[in-house]
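Just so we're aligned, residue 12 is where the sequence shown starts under my numbering, counting upward by one.
Quick reminder that beta carbons are idealized off the backbone N, C-alpha and C, glycines included.
The model shown is predicted, which means the values in this text are computed figures rather than measured ones.
See structure below.
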Amino acid sequence: MAKADQQSFDAVIVGAGFSGLYMLHKLRQLGLTARVYEAGDGVGGTWYWNRYPGARVDVESQEYSYSFDEALQDEWVWTERYSTQPELLRYINHVADRFDLRRDVQLETRVQAAKYDEASALWTVSTDRGEVVSARYCIMATGCLSVPNEPNFPGQDQFKGPTYHTGRWPHEGVDFTGKRVAVIGTGSSAIQSIPQIAAQAEQIYVLQRTPNYSVPAHNAPIDPAALADWNANRAARRQAQRASVSGIYAADPTEILAMEVSAEERQARYEERWAKGGFCIGATFADMGIDKAANDTAAAFVADKIRSMVKDPKVAEALVPKDYPFGAKRLCVDTGYYETFNRGNVSLIDLNASPLDRITAKGVQVDGEEIAVDAIVFAIGFDAMTGALSRIHIHGKGGQALSEVWEAGPRSYLGLMVAGFPNLFTVTGPGSPSVLSNMLVSIEQHVEWISDCIGHLQDRQLASIEAMPDAQDAWVDHVNEVANMTLHVQASSWYLGANIPGKPRVFMPYIGGVGLYREKCDDVAAKGYEGFALKSAATVG
Ligand code: NA7
Numbered sequence: 012m013a014k015a016d017q018q019s020f021d022a023v024i025v026g027a028g029f030s031g032l033y034m035l036h037k038l039r040q041l042g043l044t045a046r047v048y049e050a051g052d053g054v055g056g057t058w059y060w061n062r063y064p065g066a067r068v069d070v071e072s073q074e075y076s077y078s079f080d081e082a083l084q085d086e087w088v089w090t091e092r093y094s095t096q097p098e099l100l101r102y103i104n105h106v107a108d109r110f111d112l113r114r115d116v117q118l119e120t121r122v123q124a125a126k127y128d129e130a131s132a133l134w135t136v137s138t139d140r141g142e143v144v145s146a147r148y149c150i151m152a153t154g155c156l157s158v159p160n161e162p163n164f165p166g167q168d169q170f171k172g173p174t175y176h177t178g179r180w181p182h183e184g185v186d187f188t189g190k191r192v193a194v195i196g197t198g199s200s201a202i203q204s205i206p207q208i209a210a211q212a213e214q215i216y217v218l219q220r221t222p223n224y225s226v227p228a229h230n231a232p233i234d235p236a237a238l239a240d241w242n243a244n245r246a247a248r249r250q251a252q253r254a255s256v257s258g259i260y261a262a263d264p265t266e267i268l269a270m271e272v273s274a275e276e277r278q279a280r281y282e283e284r285w286a287k288g289g290f291c292i293g294a295t296f297a298d299m300g301i302d303k304a305a306n307d308t309a310a311a312f313v314a315d316k317i318r319s320m321v322k323d324p325k326v327a328e329a330l331v332p333k334d335y336p337f338g339a340k341r342l343c344v345d346t347g348y349y350e351t352f353n354r355g356n357v358s359l360i361d362l363n364a365s366p367l368d369r370i371t372a373k374g375v376q377v378d379g380e381e382i383a384v385d386a387i388v389f390a391i392g393f394d395a396m397t398g399a400l401s402r403i404h405i406h407g408k409g410g411q412a413l414s415e416v417w418e419a420g421p422r423s424y425l426g427l428m429v430a431g432f433p434n435l436f437t438v439t440g441p442g443s444p445s446v447l448s449n450m451l452v453s454i455e456q457h458v459e460w461i462s463d464c465i466g467h468l469q470d471r472q473l474a475s476i477e478a479m480p481d482a483q484d485a486w487v488d489h490v491n492e493v494a495n496m497t498l499h500v501q502a503s504s505w506y507l508g509a510n511i512p513g514k515p516r517v518f519m520p521y522i523g524g525v526g527l528y529r530e531k532c533d534d535v536a537a538k539g540y541e542g543f544a545l546k547s548a549a550t551v552g
C-alpha cells in the first residue's frame, strides 16, 4: 500500500534508452504523469554505454530511427549509411530535447525493486538512492543487451594493466598507440572494434572461441540520392518495415528457394547481396533459415569469401564457422574485419586449439604459453534479454518473485506481460521479436501497444490488466514451436542464453516476424485484450 507521503506517478518507466524515452512521450500524450529512472548519467541506453571503437548500428540509419513524428524525420539528416555510436547518441539527445523529455528523467538512479500491492493495484518502486515511489503502471524499458557478461577468467584480478568491457567503454576513449592488446571474444562488438584497435595498437591478439559469420557493411557517407528516394517513399517504406519479417526494408526478402535455382543463379544472387552489404544477404532465399541444405549454400558462400579475403590459409580456416548454421548466431556486419587479419600486427588465437588457461599479471596464458599484453578488452557480450529484469527484485501477486517464476527460462504473454504481474509491461521482452528485428520498429510497436492498452484502462477507469496463465502458456508454446522449426536452435547463441553459465537454455525471442506478431498483438487488443484479465478498482485485490 502506498504511504501517504510517498511520491506517486501514473507510471514508472525503467530505462531512458530509445524505448523508455518514447514511452514517456506517449504517456504524456495520454495526460499521465511518469518518472523515468536511468542508471547512466545520460540518456541513450545501448548507445550511451557501447562506446567501443567502431561501434555503429548494423541497420541503415534512416531505417534505425523513430518513425512516429514526421517533422523529426524531416529535420534529422544522417551522415553515414550506418550511423556511428556518437551520431546515434546525438540523435537520441536531440529527441530528448525536442520533446522536452528530460524533466521527467532522473539520471544516475538505478531501480532496485518493484513490488506489487494487490489491494491498491499499485507498484512500489525503490531505487539505489533510497527513493520509494508508487505507480499504477511499471514499464520495464531496460534493454535487451544492457547487462554486460561479467568476465570471470581465472587469474584476471592479477593482471596489472587496464581491462575494458566493450559494453562499458570509458567515455573519454582509450588510446592503444604503442600497446599490445588482447581482445577476448569475436562477436559483433569485437568484429566492429578489432579493425580499429589493430590500426592503432602495436600488436593485437584476438582470442576466438567461436568464429562468427560476418558480412561487409559497405559503409559510406549517406548517398543523397538514396536518402531522397527514402524520403520520397517514406510512408510506404515505414509501412513495409512494420509488415515485414525483420523490420528492415533493405532486407528485401524473396520467395525464392535456394534449392530450386541452379548453382550459378544461387551464386549470382549471393554475390549481388554481398555487394549491397549488410543483413540483406540473410534474406536471399526463403528457405535459408529452415532448410539445412539451403543454409549450407550460404555458409559455403561466406566461407569462400573469408578464404578469399584472408591471405594465410590457416588463419582463414580458423575464421570460418564450422559447427552451426549461417545466421543461427547473430549475423555480424563489419568494416574490414577479415582483412585486418592480413596485418602484421594481428594474431588470431583459436581457443579451441589453444585454450585460455588463465590471465596472468602480465597477460594471457594460452595452452601453457604466456603472451604479454598491456591491456585486455573483454568483448564477451551480455546477459541478454532477461539480464536487466532478473537484477531488479520484481515481486508480483502473492509476493512471487519474477526471478523465481522465470527460473527455468522466461515466460510471458506476447513478450509484453507476465501472468501474476499485473500492470507490469516489458518493452521488447522475451517472447517478442525484439533482438531478431530492427529494434526501432519493435520498440515503436511495443510502446504504442502499451500506451493504447493503458489508454484503454484509463478510459474505462480500470485498475489493472494481467496476462492470463492459459494465454501465456499457449504463447510460450507457440514461440517454442516456431523457434524449433528453424535452424536458429542449432547454435549455442545468446538468443538461447548459452553464453551465460547456468542460464536456462530457452530460445527467448519470437522468430515469427514483426509483421505477423504485430497482427497478433493488434488482434488481441481488438478483441478487448483477449487473454488478459482486466479488473475494475472494485474487483482488484
Ligand atoms: P556476443 O555476440 O555475445 O559475443 C561475445 C563473444 O565473446 C563471442 O565471440 C563469445 O564466444 C565470446 N566469449 C564469451 N565468453 C567467453 C569466454 N569465457 N571465453 C572466450 N570467449 C568468450 O556479444 P557482442 O557484444 O559482440 O554483441 C552483442 C550484440 O550487440 C550483437 O549481437 C548485436 O546485437 C549487438 P561464443 O560465441 O560464446 O563461443
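The residues E49, G56, A152, T153, G154, in chain order, have a CB closer than 7 Å to that of G26 in the same chain once the five nearest residues on each side in sequence are set aside.
If the five residues before and after V446 are omitted, its C-beta is found closer than 6 Å to the C-beta atoms of C155, P520, all from its own chain and listed in chain order.
Distances from the CB of T197 to the heavy atoms of the ligand NA7 include at least one below 7 Å. With respect to S199, C343 sits close: the two C-beta atoms are nearer than 8 Å. Shown here, H36 sits in a helix according to DSSP, grouped into three states.
Counting along the chain, the unbroken alpha helix (DSSP H) around S414 starts and ends at 413 to 416. At least one heavy atom of the ligand NA7 falls within 7 Å of the beta-carbon of R341.
With a cut-off of 8 Å on Cβ pairs, the segment 396 to 409 is not in contact with the segment 220 to 232, counting fewer than three such pairs. The residues W58, N61, R62, A66, R67, in chain order, have a CB closer than 7 Å to that of Q96 in the same chain once the five nearest residues on each side in sequence are set aside. With a cutoff of 8 Å on beta-carbon distance, L545 and I301 are scored as not near each other. Relative to the ligand NA7, the beta carbon of A390 is positioned inside 7 Å of a heavy atom. For S225, the enclosing beta strand (DSSP E) has its first and last residue at 225 to 227. The three-state secondary structure of H182, taken from DSSP, is coil. Residue pairing by DSSP places I387 opposite T174, A193 in a beta bridge. Remark: C-beta atoms of G166 and N449 do not approach each other more closely than 8 Å.
Excluding residues up to 5 positions away in sequence, A478, P480, Q483 lie with their Cβ nearer than 6 Å to the Cβ of A430 in the same chain. The C-alpha of W285 lies about 18 Å from the C-alpha of T351.
Relative to the ligand NA7, the nearest heavy atom lies less than 7 Å away from the CB of W505. DSSP places D361 in the strand class (E or B) of the three-state scheme. As DSSP reads the structure, D345 sits in a beta bridge with P227. I387 and A537 have their C-alpha atoms some 53 Å from each other. Sixteen is the threshold: since fewer than 16 other Cβ atoms of the shown chains lie within 10 Å of the Cβ of P235, the residue is exposed. Excluding sequence positions up to five before and after I267, its CB lies within less than 6 Å of the CB of F296, all in the same chain and listed in chain order. Scanning its chain for C-beta atoms nearer than 6 Å, with the 5 sequence neighbours on each side dropped, one finds around G524 the residues V256, in chain order.
Inter-segment contact for the segment 362 to 377 and the segment 334 to 342 is absent: fewer than three beta-carbon pairs are separated by less than 8 Å.
Around A261, the same chain offers E71, C291 as residues with beta carbons nearer than 6 Å, after the five sequence neighbours per side are excluded.
Contact check for V357 and A209: beta-carbon distance about 5 Å, within the 8 Å limit, so the pair qualifies.
When DSSP reads this structure, S547 sits in a beta bridge with L473. The C-alpha of V47 is placed about 6 Å away from the C-alpha of Q117. For M151, the enclosing beta strand (DSSP E) covers residues 143 to 151.
Here S273 is exposed. Its C-beta has fewer than 16 other C-beta atoms within 10 Å. Around the Cβ of S319, a 10 Å sphere holds fewer than 16 other Cβ atoms; the residue is exposed.
Not one heavy atom of the ligand NA7 is found less than 7 Å from the C-beta of F518. In this structure, DSSP gives T439 a state outside helix and strand, which the three-state scheme calls coil.
Inter-residue distance for A247 and Y77 is about 15 Å (C-alpha atoms, whole angstroms). A contact is defined here as three or more CB-CB pairs under 8 Å, and the segment 165 to 179 meets this definition with respect to the segment 373 to 393.
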